[in-house]
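Numbering (my numbering), first residue to last: 1 to 395.
We treat Cβ as the ideally placed atom computed from N, Cα and C, and that holds for glycine.
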Amino acid sequence: MDISWAMRMYARSFRGALDCRCILYLGSLNIMPAPTIPYAPRYVPGPATKEDMDWADLPIIDFSKVGTPEGRAELTPAMRDGMHTHGFVYIINHGLTQPQRDRMFDIADVAFAQVPEDEKKQFTANFKETGLYSGYKLRQYWHIDNGVRDQIEHFNTNRQIYGRDIYPKALQPFLPEMRAFAEYNHYNILHPILRLLALGMELPEEIFVDMHKFEAPGETWLRMMKYYPRSEEDETNSKNVWLKGHTDFGTITILWSQPVTALQILSHDGKWRWIRHIDNALVVNIGDAMELLSGGFYKGTIHRVVQPPADQRGRERLGVFYFALADDGVRLVPRVESPVLQRVGVQRRVADGDAPTMETLRRARTAAYGTSTLKRRADGHEEEELAGMTVKHFN
Ligand SMILES: O=C(O)CCC(=O)C(=O)O
Ligand SMILES: [Fe+2]
């Protein structure tokens, strides 16, 4: 590992902060001897499934090449075609090692296993009133189907970490590492993805990067998420669906791959296909905001979470995510100056004059998710109107 990015990140993260933070942070990334890093129990998720599943066939993009113009030119077609066709790709060689990735899962588990229930309640997000994803979402907040409610806990926090959000006691020692991790996701993963997506539309390379400033007002966030095993009755009544089929509403979702197989995407032939686990890889997908900005060229694909295969049943499933949104003030209109869009044609879900800003879209979607009244359509999927657009949900 090259120490220079870590130093750069540290300088950005903790400008003027105490030196011990630097030692803790660099130490936790195993790049210098550290006298102490805060203890977190090891989270061991168990092995990947051995079952033969109907896996989605997605491109794997090697980010060891993303740092040079030549490398980006080489990677652009795979990113472009993957996000145009499937809305999902895998990324490998993103620059963090397996132990660094594992440490973030250890920290994520602290948010669930080490925080007492009454403290979780105290830090519960008030989605409906604030339209903000900050704090816990406890189990059974969302309706899935037939009266079955979810068994998922979230802990969400704004990427800035220091500032608005407040944290339960057990998480407080890990804030420097969470901030460093957020910055790594932002500058070393999100921004290069956005560059490849811009190049894929033959747009100026920084056009989407400039809409995703780490310091700008906006709600790009870090999420830790734990799925708990469910009763047989819930499995039957919800037809094994743990999290309803949906599109993400931000621009880009970065999912740190973990071994419990449960995520599926809805393919063009109408079949649900499984996302497979790749050690220390990322699963990256397009959200609605990027679909709008790209005039439908990049697809916000429907995905859901269901009961894992037989050899993984009864296990908890811990996830770590970076959900990127454009900065609050960005109006989500298609970049029609793209020569690619001019060749293939623009698709609009909303007239340009009515296009929401990122802030309007995120507030509407955050407040409504999992609790609003949905209209059931003839083919069985459900719909609602939010921020001037039709939002679909699938079971
Ligand atoms: O848990 C997963 O694998 C996916 C979760 C998801 O789609 C979401 O939180 O938006
Ligand atoms: Fe999602």
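Query                                                                                                                                                                                                          : Result
In the structure shown, what three-state DSSP assignment does glutamate 206 receive?                                                                                                                           : coil
Look at the alpha carbon of leucine 318 and the alpha carbon of isoleucine 286, and state the distance between them as a whole number of angstroms.                                                            : 22 Å
What is the rounded straight-line gap between the Cα of methionine 79 and the Cα of leucine 197?                                                                                                               : 7 Å
If you draw a straight line from the C-alpha of threonine 68 to the C-alpha of asparagine 185, how long is it?                                                                                                 : 18 Å
In the DSSP assignment, what are the bridge partners of glutamine 264?                                                                                                                                         : Trp274 and Arg304
In the DSSP output, what is aspartate 62 paired with across the bridge?                                                                                                                                        : Ile92
So the candidates are Asn395, Glu383, Tyr39 and Glu316; which of them puts its Cα closest to the Cα of alanine 170?                                                                                            : Tyr39
Is histidine 154 close to ligand 2? I mean its beta-carbon at under 7 Å from any heavy atom of the ligand.                                                                                                     : no
Curious, which full-length beta strand (DSSP E) runs of at least 3 residues does the segment 218 to 247 contain?                                                                                               : 221 to 227 and 241 to 246
Under the rule that 16 or more other beta-carbon atoms within 10 Å means buried, what is arginine 348, buried or exposed?                                                                                      : exposed
Measuring CB to CB, does histidine 246 end up less than 8 Å from glutamine 258?                                                                                                                                : no
Between tyrosine 25 and the rest of its own chain, which residues show a CB-CB distance below 7 Å, the 5 nearest in sequence each way excluded?                                                                : Here tyrosine 25 scores only 48 on pLDDT, less than 50, and its place in the model is too uncertain to base an answer on.
By how many angstroms is the C-alpha of lysine 375 removed from the C-alpha of isoleucine 23?                                                                                                                  : Residue confidence is low: isoleucine 23 scores 41 on pLDDT, short of 50, so the model does not pin down where it sits. No coordinate-derived value is stated.
Identify every run of the alpha helix (DSSP H) within the segment 293 to 359, keeping only runs that are complete inside it and at least 4 residues long; order them along the chain.                          : 339 to 344
Quick check: the Cα distance between glycine 135 and leucine 361, rounded to an integer number of angstroms?                                                                                                   : 20 Å
For aspartate 109, count neighbouring Cβ atoms within 10 angstroms of its own Cβ and tell me buried if that reaches 16, exposed if not.                                                                        : buried
In three-state terms, what does DSSP make of glutamate 383?                                                                                                                                                    : strand
Grab the span of the beta strand (DSSP E) containing valine 283 for me, first residue to last.                                                                                                                 : 282 to 286
Quick check on DSSP: helix, strand or coil for phenylalanine 181?                                                                                                                                              : helix
Is any heavy atom of ligand 2 found at a distance shorter than 7 Å from the C-beta of threonine 301?                                                                                                           : no
One question on the structure: do proline 332 and threonine 357 come within less than 8 Å of each other, judged by their Cβ atoms?                                                                             : Going by the sequence as given, residue 332 is leucine instead of proline. Yes.
In angstroms, rounded to a whole number, what distance separates the CA positions of phenylalanine 214 and alanine 378?                                                                                        : 43 Å
Using 8 Å as the cut-off, can you tell me whether the segment 262 to 282 makes contact with the segment 97 to 104, which would need three or more C-beta pairs spanning the two stretches below that distance? : yes
With DSSP as the reference, identify every bridge partner of aspartate 145, one or two as the case may be.                                                                                                     : Val148
What is the DSSP secondary structure of phenylalanine 394, counted as helix, strand or coil?                                                                                                                   : strand
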